[in-house]
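A.B. asks: Going by the numbering used here, the sequence shown opens with residue 7, and the numbers climb by one from there. Note that the Cβ used here is the ideal one computed from N, Cα and C, for glycine as well. One structure follows; several queries about it will come next.
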Amino acid sequence: MILALLMLASTSLVALDWNELDQKENNLADGRAGPDAKVDAILSPRETTTDDITGDMRNTIKAGDDVNFEVFISNVGDAAITEMGVSVTVYLTEGGARGMIAKDLAGNDLSWTNGDLVCDDSFVCPWSSLDAGAYLDNGKHTMTYQGSDITWSPTTGDYIVVVETNAVDDAEPSNDFAEHYISVVDWTDIIIDLEWASGKDVESGAEQKAFTLTVETGGSTAWSARSIIVALDIEGTLEAASPALGTSQVTDLGTNGTIETFRHEIDANNTTSDSRYYLDFGDSTEYFGSVSPDSTASSGSYTVSASLVSYVIFGQMPECVETTTTGGTNATNGSQEVTYLHFCEVSMGQDDDASTSEAELEGQIENFHDIGIAALVINQGYSLDESGNHFGTPTMPGLTSGPLNPAWGSVQATVRHLGSSLSTTYDWEVAFSIENTVTGVVTNEVGNSCIDGFGQDYFHQYLGDDPQNMGAATETGQACIFFNFAPGVYNINATISMVNETVTDMSSSNNEETMTKITAMNNRPTVALTLETEGDLVLGPGASMTLVADADDADDDSGTSLSYRWSHPGIPDNATSFCDGSGPAFSSCNLLIDMSHYAGVHTYSVVVIDAFGSTGLDFINVFVWNQITASSTSASGVTMDYNLSYNGVNTFSLTIEDSDAEYTQDLTSHGFAGEYTSELILDYAPSTTYGPEDVLAQDITITYDATAITPTSVFYISNSNWAKLDATISSSGNDGTIIINMGENNPVLSGGEIALMGGEIQIIEASAANPSGLTMSASAGGHITAAWGYTGTTVPGVDWLEYTLCDDVAGSDCHTQNLNTTTVDSTLNGQTDTVHGVTYTLTLRVCNGGGCNPTVATASAKADNSVDGNAAATAMSVTSKDANTWTVSWTVSGDEADVDHWQICWGSSSWDVAGDMPTTCSDAATTTSGDVNKPGGNTQMYFFTAVPVDALGNSNNDVSMTDIKHTVDVTLEDCESDPTLEGCDEKLGDDTQGDAGVPTWTWGVIIGLVVVAFVVGAFILSRGGEGEEGKDWDY
């Protein structure tokens, strides 16, 4: 084998063309035309850079600050982009290389993909296309996901932000992405805030004005500030102030306590503590002051400003480094410099966020006029009437972001008096502007009241407080307008203004509120179609069925905007259903099923359409039974009416004719004693027949002249076989009527003769005999035998034995046959009649034409043709016990519950198929071993297996598992006296080793074959000329 592999490898290597390995394929793209999305720049977050001179990092991001992603994307191709998505992914980085995708605190990947940016569905994508040379979103696109801006709250670390486009038929993939290096750093912050006690932005009036200075520590990580000093500067038209006018320093901010001010780096006992005011991370402290405006000034202004002067932090910082010299000062002892980084206090003049390190309050002595908008929200979830008009209160009030439902909503602004004196009242209004950024349509409307908004209804009043005219003014007000939001992206603006006032709003910063990029997304309606009519549907006059479409639209709880389009049998071509319409009244369809086109199985469907054209579909298959009463009258005036409910679309019909036949029939087998003669024979022929599964109900009515015939029973005759019909015969005057009950689960009566038999009926009594002593027993191979006798006397030719056999297999049917009452036993064959493990139940009773004896005999037995439990022998071995006996041993695996004993089977040849097991077997003494007598004959190998046997004698088969060599001693009686005689060298004994040694001459043959193969291989590989080009290679 090894030589053959070497030869194959040699020929394969020779076949290689080494020049081909040096060839390189160039796949250079020519200039390509088409759409080409390009990520020109990532505008936000800005890329972090390092100053080459100072080493300072610029444009770092503070840990915990929310980051939005803004990009500049353009189409630099020469064709419009019709379908495009964009993704942003944040990677970890070390040394400038991309690492794994970063994750948020919940373990989610920081990766977002908006695949619905540009497409042809205006309900899904904000842009239908991006023309060649155009910029997406006017060159500054804020990335969104599921209708909301993507927001990242980063933790400390270094990252690479990658933005990538995915445009259909993009001409140049190399410009589809851009990436930025971002560094997120920890930061500390001392937050200073000033607030008038009144809550106003600008104070006014002559009374004393109290204010509060609040100092708070913030940042991205826990820390503590000590000895905070804040400069408080109070100036302007004031009489007095606390603290004093001018600049003063506020100290003692925070909690006072004794804390460490120094700690040696390695000497834990070398510490210093002192009293300090400190403010831990997230804590705040307040300082209260006041100013008194100058009462002598007719007008003027004043300010209170606060700014951070300094604070102290404690920790290991460069300022805490100490370098000392240890050891002697001569060459013998030596010396060593040791540097320690202690814990110490360091004074800081500025924190990491200067914007929060100062605050200012303003005050005016003259009256300050101001109104503003305090809040702007959207309310949705209104009910609609049948005309589609909204009413009631919203179920989803106070929305400040999308996505919205494409439905009616109200935009509501809360307005407030913010002037210096509530006694000065102002009339007002709010101008609302709603822009659909997809269509470009702008809706402008003015409001000053709010009915059915968020909260109680508000009717317009002045802003302020008018004690002389109660109810004419309030400090706050509401204004709202109603707007029907179609699917799209909206910018909403509200601006308050004074109306008919002689004064001017002195602060415009609070006059406007805006909500941008509010998405309204359509929800496709769903519908479930059900059949409300219960029971069987049967064609006929007045019959009907009702279909109900249970539709649901998240954007219209009342369903008034939904339209229904029905499909069902009976709709003319190019026409619509009378059930079609809009509104809840058309959610059901009542159909009269009195025409034949409804018969059979048909598909009924409904399509539900919302106000924006989105649809939902459901369908149901409905089966309707056809129904007809077929009628025929014979020449003698006998009429047959066949009332039939059936599964079919063809019309059922029949004919009856008077027959010249006359029968005298013994009806004993039908329960009538003796012979009877027919009054009339009718030849009956239906147009077709239907099986039991295709018949719901059927009955036959025959009317006749009672003065002409007097039938007493009715029979059906087919192929000389007589069957009694369940007939009720009555007469009234000259009119006779026969009603035939066809029963259930019966086919349509096939063609034949209807015999109206006369004579006085004599009923045969049911048999007085019954089966008794029934027994059933199972035997090996799955056979089951049954035996029984009879109690009472059976009447041959009149009585019969009803034999019913059932099994316990789910869904199987019982089988019944009639036998002679001379039958007293039966057998179920294990190979053809029974299944292993199935229980069979036999029920017997004696019957005749008058009925069956109520006494029955019943017995059961379970078929058993194999050993259950998968018991098997493993790890088998055989040893020679003595000169005449082998001992076979094994280990048992599997369930032995059904095992009665074990058998050992053996033969002179091995077998790999269990079914080939030899039939020479003997019972084992125990469950794991047994003895086998050694056979006579010649020296040869014997093979063994062991199989389980159950109590009925069933046994399994198995493959051979072990073997032993049996050696027969053929030594002659005089071998002891003459050992040179033939056969005297053989010995009697057993050898359990199955393999014989290799003859010596075999090794010579093997070596010769190897040498020949080597020579031939060398010749094949080298045939041809000396040069490589002249060789004629063989493969």
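(1) Below 8 Å, can you find three or more Cβ-Cβ pairs linking the region 42-54 to the region 171-180?
(2) Is residue 997 helix, strand or coil when you go by DSSP?
(3) Mind checking whether the beta-carbon of residue 762 lies closer than 7 Å to any heavy atom of the ligand ZN?
(4) If you reduce the DSSP assignment to three classes, tell me which class residue 603 lands in.
(5) Compute the distance between the beta-carbons of residue 492 and residue 412, then report whether it is under 8 Å.
(6) What distance in whole Å lies between the Cβ atoms of residue 108 and residue 226, which are believed to be in contact at a cut-off of 8 Å?
(7) Measuring straight from C-alpha to C-alpha, what distance separates residue 879 and residue 969?
(8) Do the CB positions of residue 610 and residue 599 come within less than 8 Å of each other?
(9) Residue 545 and residue 631: beta carbons closer than 8 Å?
(10) Quick one: give me the first and last residue of the beta strand (DSSP E) that residue 2 is part of.
(11) Count the other CB atoms within 10 Å of the CB of residue 355; is the residue buried (16 or more) or exposed (fewer)?
(12) With distances taken Cα to Cα, identify the nearest neighbour of residue 729 among 685, 672 and 66.
(13) Determine, using beta carbons only, whether residue 572 and residue 588 come nearer to each other than 8 Å.
(14) State the Cα-Cα distance for the pair residue 687 and residue 784, rounded to the nearest angstrom.
(15) Taking residue 489 as part of the beta strand (DSSP E), name the residues at either end of that continuous run.
(16) If you draw a straight line from the C-alpha of residue 866 to the C-alpha of residue 780, how long is it?
(17) Cβ atoms of residue 824 and residue 842: under 8 Å apart, would you say?
(18) Using only CA atoms, which one of 532, 576 and 435 lies nearest to residue 562?
(19) By Cβ distance, which residues of its chain are closer than 7 Å to residue 634, with the 5 residues on each side in sequence left out?
(20) Quick check: residue 772 and residue 856, are their CB atoms within less than 8 Å of each other?
(21) Below 8 Å between beta carbons: does that hold for residue 677 and residue 577?
(22) If the criterion is Cβ atoms closer than 8 Å, does the pair residue 894 and residue 938 meet it?
(23) Of the choices 746, 393, 408 and 415, whose alpha-carbon is the least far from that of residue 387?
(24) Helix, strand or coil: how does DSSP classify residue 403 here?
(25) Can you tell which of 424, 425 and 384 has its C-alpha closest to the C-alpha of residue 459?
(26) By the three-class DSSP mapping on this structure, what secondary structure does residue 858 have?
(27) Distance check for residue 924 and residue 940, CA to CA, integer angstroms please.
(28) First and last residue of the beta strand (DSSP E) that includes residue 821?
(29) Nearest by alpha-carbon distance to residue 747: which of 713, 647 and 726 is it?
(30) By Cβ distance below 6 Å, which residues in the same chain neighbour residue 199 in space, the five residues on each side in sequence not counted?
(31) Could you say which of 692, 669, 654 and 652 lies nearest to residue 663 if we only look at CA atoms?
(32) Can you name, in chain order, every residue of its own chain whose Cβ lies under 8 Å from the Cβ of residue 844, other than the five neighbours on each side?
(33) Between residue 370 and residue 509, is the Cβ-Cβ spacing less than 8 Å?
(34) To the nearest angstrom, report how far apart residue 268 and residue 276 are at their CA atoms.
(35) Can you give me the Cβ contacts of residue 916 inside the same chain, cut-off strictly under 6 Å, excluding the 5 residues immediately before and after it?
(36) Any idea which residues DSSP pairs residue 610 with across the strands?
C.D. replies: On the basis of the data shown:
(1) yes
(2) The predicted model places residue 997 with a pLDDT of 47, which falls under 50 and marks its position as unreliable; any figure quoted below should be read in that light. It is a strand residue.
(3) The ligand ZN is not part of this structure, which contains no ligands at all.
(4) helix
(5) yes
(6) The pair is not a contact, with the Cβ atoms about 16 Å apart (cut-off 8 Å).
(7) 15 Å
(8) no
(9) yes
(10) The chain is shown only over 7 to 1041; residue 2 falls outside these bounds and no answer can be derived.
(11) exposed
(12) 672
(13) no
(14) 53 Å
(15) 482-490
(16) 10 Å
(17) no
(18) 532
(19) 650, 657 and 658
(20) yes
(21) no
(22) yes
(23) 415
(24) strand
(25) 384
(26) strand
(27) 16 Å
(28) 821-825
(29) 647
(30) 220 and 365
(31) 692
(32) 813, 814, 815, 868 and 869
(33) no
(34) 8 Å
(35) 949 and 966
(36) 626
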